[in-house]
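Note sheet for the following structure.
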Amino acid sequence: MTVTAVRGEHVGTWRFDPTTRELEARLTAAVAGHYVLTVLAQQPIESLPADLEIAGLVVHGAASQRGAIGLAATNAVHITATGDLAPMNATDFVRAAAVLWGGSAPRVVGNIRQAFRLSDDRRMLSITLNAVQSELRVREQASFSISDERLEYNVDLIVDIAKAGRFGVDLNLPAGYDIDTLVAEAVSHWDEQSDAEGVRTVRVHFRNKVQGAVPLKLTLSRAETELPPQLVVPRISVAESIKHVGQVVIAAERGVQMTVGQRRGVSELNPRDLGLANREALAFKLLQPDWLLQLNMEIVKPRINVDFLHRADVTEGAVRHTQSVRYELHNAGVKVFELDIPDGARGLEVIGPKIARWERVDDDPSRLRIELDGKWFDRTYPLMLRYETRFRMTDGQVGLGPVWCHGADHQRGYVVVTATDRVELSGPTVGPSLTPADPRTIDSSFGVGDQSSAAYCYRALSGDYELALRVNRHGSASLLGAQVQRCVIHSVVSADGRTINVAELELMPGPKRYLNVRLPDGSAVWSLMVNQRSVTPAQQMVGAQRTLLVPLPQSGGSEMSAQVVLTYVMNSGSGGGPISQFRGPRFDLPLQNIKWVLYLPPEYEYDNFEGTLAVDEASVRYPKIAHYDGSRYDLALQSRTKLDTSFAVEMQERGQAYAREGHQYAAKEALQKAWHYSMSDQALNEDARVQLHRLVQEQTLVGIVGTAAGCV
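Per the numbering used here, the sequence shown starts with residue -7, numbered consecutively.
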């Protein structure tokens, strides 16, 4: 034992000899009467339990000496005292100490557990010190979530530490589970270790010595590729605990059914009494620390129906495929889809919601595996695949293969085939599972747009279908040199079968220089007008047929149309006989907006119309009889002259506008039309001619100056 402090009035210095165990205290002044000297001594103890001997202090030179020994300890230490000393009441000891020390009594005086009287200064008191063991009681609130890919155990533990504090606790963990989280306010850190038998223990270290209720929150998880038939609910136990109570709630995802197989130390609870909305959940009350609960597991397989739309766009040497697949899921969820795609598919693109990843299976390149980031329940899953396949145009045939969905109970849909303008499809070879269908009846929910322009459309009664088509490639069409916008033919037929015909064409000129016209046999040209200007057509013989070459104005990039008026006569039959057929002129340009007006003798009846033109039934049902004479001719001529004059004024104004804007060729073309259409008005015609002449001079002068500048 070593003296650590000596306190008292007038204490100047003190000295303790550990060999003789004598303490000498020197005072700075003499004292008399009642004097109090406080000596503090201590003895180190390495560990508990420990045995000590205690005796009272002996004051040298004292005439008499009496005293008492009090034993004080914390709640973590248990004291056992033996010896011949007379025991005394701890309260009397505290009262006597208070009288002796007054208000300066040590704090340990209030924790006195045993006291003894000292009647002999030489007697010893033997004491044994033992550590008080803490008692652990555990309350648990746990939930166990079961899915076919992951098991998760969430637990809230309240560890009640009684009688003595602790710096940590040991948790026994179930095998195969990983610790995701372990948190608590009192936790400093934790260590995990395993013994030779594979038992996992986690040592949870507290920040300081803790006594009372300590909350712990843990989350354990384990990955599963497939649920076993029997599953043991994981159990977390606290080492050295004398009581473990609580409850555990078990819930499984949809498609997983569970029943109790074996249990020990638990009693079943009604989930409704706990306020749980999931009727399929199980709840149990924990009765003992080594409880056991084993479940029987059964996986419900989903029922899958597949609707698909296969759109194939056939181009030159390649087919672009768009597969719109709609999965209808029932009874359970699905996280993984597997499909077989046709051989030779290139540039595969997979589109769908919540796709985590997709890949081709290594041992089967045609197998496609698509994995979602979570299971898909009770909703239509839309999946779209885009890819391209190749074929040889020289083979003249292309085959279309399906996308097969594995695990589908029923698969049906549509196959739609389209082609580009230069590719012609024909001669389809159709398998037994395909039937023709109207593309307009396809549901728009497939999300691939309007299919009404499809070349072929079939309804597939199963996912395994066969379709082959013959492919023919067309060369590029030659560019049209001009475009006919309107064609109107007026024919006056006499009673003896002779006709006078006027063919009027409105066209947009281009690079084409001559319009080839082939008139019916026996025809004779009376006149030819191009933009109201009389021209003489050239003629050439193509075989035995005579062809007229009508010169066309050059467009020069303008958007002005040209008018061609051809007047010809012909004898289509014998005099007075019935007229059975009329043939119109043939042009080397495609025609549109065709109208043919026939003026026929009124004494005949006309029916049984046939040919390439559709008859106007109203004109046949309600015929109009017109009388034509010199006065009517004059009126028609005046009306025509008025229209030509109005058109000439419009062309003159447009030519002036083109000239101001710098469009020289268009200005020249417009003024030429104004000059040709104003023949009936001498003043207007002269004005248009002068403007045209001036424009030509200016253009010539600009050309000469530009040429001279280029030479310099």
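In this text, a Cβ means the ideal position worked out from N, Cα and C, and glycines have one as well.
Put simply, the backbone Cα of V697 is about 27 Å away from that of R646. Take the alpha-carbon of A64 and the one of D76: they are about 19 Å apart. Here E38 is exposed: its Cβ has fewer than 16 other Cβ atoms, across all protein chains shown, within 10 Å. Boundaries of the alpha helix (DSSP H) around W93: A82 to W93. Beta-carbon to beta-carbon, L301 and Y406 are separated by about 5 Å, close enough to satisfy the 8 Å threshold. Taking the Cα of T12 as reference, the smallest distance to any Cα among A24, A22 and V(-5) is reached at V(-5).
Fewer than three Cβ pairs drawn from the region 290 to 299 and the region 348 to 366 lie within less than 8 Å of each other, which leaves the two stretches out of contact.
The continuous beta strand (DSSP E) containing V485 extends over residues Q475 to V485. Per the C-alpha coordinates, the member of T539, G576 and I171 positioned closest to C479 is G576. The C-alpha of L627 lies about 20 Å from the C-alpha of S483. Beta-bridge annotation (DSSP): K209 is paired with D148 and V175. Between R382 and G336, the beta carbon gap of about 7 Å places them in contact (Cβ cut-off 8 Å). For A460 against T421, the beta-carbon gap comes to about 4 Å, under 8 Å, which counts as contact. Counting the other Cβ atoms within 10 Å of the Cβ of F601 gives fewer than 16, which makes it exposed. For the pair G325 and R246, the CB atoms are nearer than the 8 Å cut-off.
For W667, the secondary structure class from DSSP, reduced to helix, strand or coil, is helix.
Under the three-state reduction of DSSP, S519 is assigned to strand. Secondary structure at N164: strand, using DSSP grouped into helix, strand and coil. The beta carbon of G157 lies closer than 8 Å to those of A68, S126, K201, V202 and Q203 in the same chain, with the five residues before and after it left out. For G0, the uninterrupted beta strand (DSSP E) segment begins and ends at T(-6) to G0. Taking C-beta separations shorter than 8 Å and ignoring five residues to either side along the sequence, the partners of Q34 in its chain run M(-7), T(-6) and T(-4), following chain order. In the DSSP assignment, Y373 is bridged to Y319.
Under the rule that a run must span 4 or more residues, no alpha helix (DSSP H) segment is found entirely inside the region 30 to 63. According to the DSSP assignment, K634 belongs to the alpha helix (DSSP H) that extends over G622 to E653. Leaving aside the five residues that flank M500 on each side, the residues in its chain whose CB is nearer than 6 Å to its CB run, in chain order, Q475 and S553.
Here I481 is buried, its C-beta having at least 16 other C-beta atoms within 10 Å. Around the beta carbon of L629, a 10 Å sphere encloses fewer than 16 other beta carbons of the protein chains shown; the residue is thus reported as exposed.
Around the Cβ of D140, a 10 Å sphere holds 16 or more other Cβ atoms; the residue is buried. Rounded to whole angstroms, the gap between the alpha carbons of H466 and T692 is 47 Å. When the five nearest sequence neighbours on each side are left out, the beta carbons in the same chain lying within less than 6 Å of the beta carbon of D152 are those of R129 and A205, in order along the chain. Here the region 207 to 214 lies against the region 171 to 184, with 3 or more beta-carbon pairs under 8 Å apart. Per the coordinates, the alpha-carbon of R115 lies some 15 Å from the alpha-carbon of V51. By the 16-neighbour rule on beta-carbons within 10 angstroms, F579 is buried. Following the DSSP letters along the chain, one finds V248 inside the beta strand (DSSP E) bounded by residues V248 to R256. Under the DSSP assignment, E609 falls in the alpha helix (DSSP H) whose first and last residues are E609 to R613. With fewer than three CB-CB distances shorter than 8 Å, the region 410 to 426 does not count as touching the region 369 to 384.
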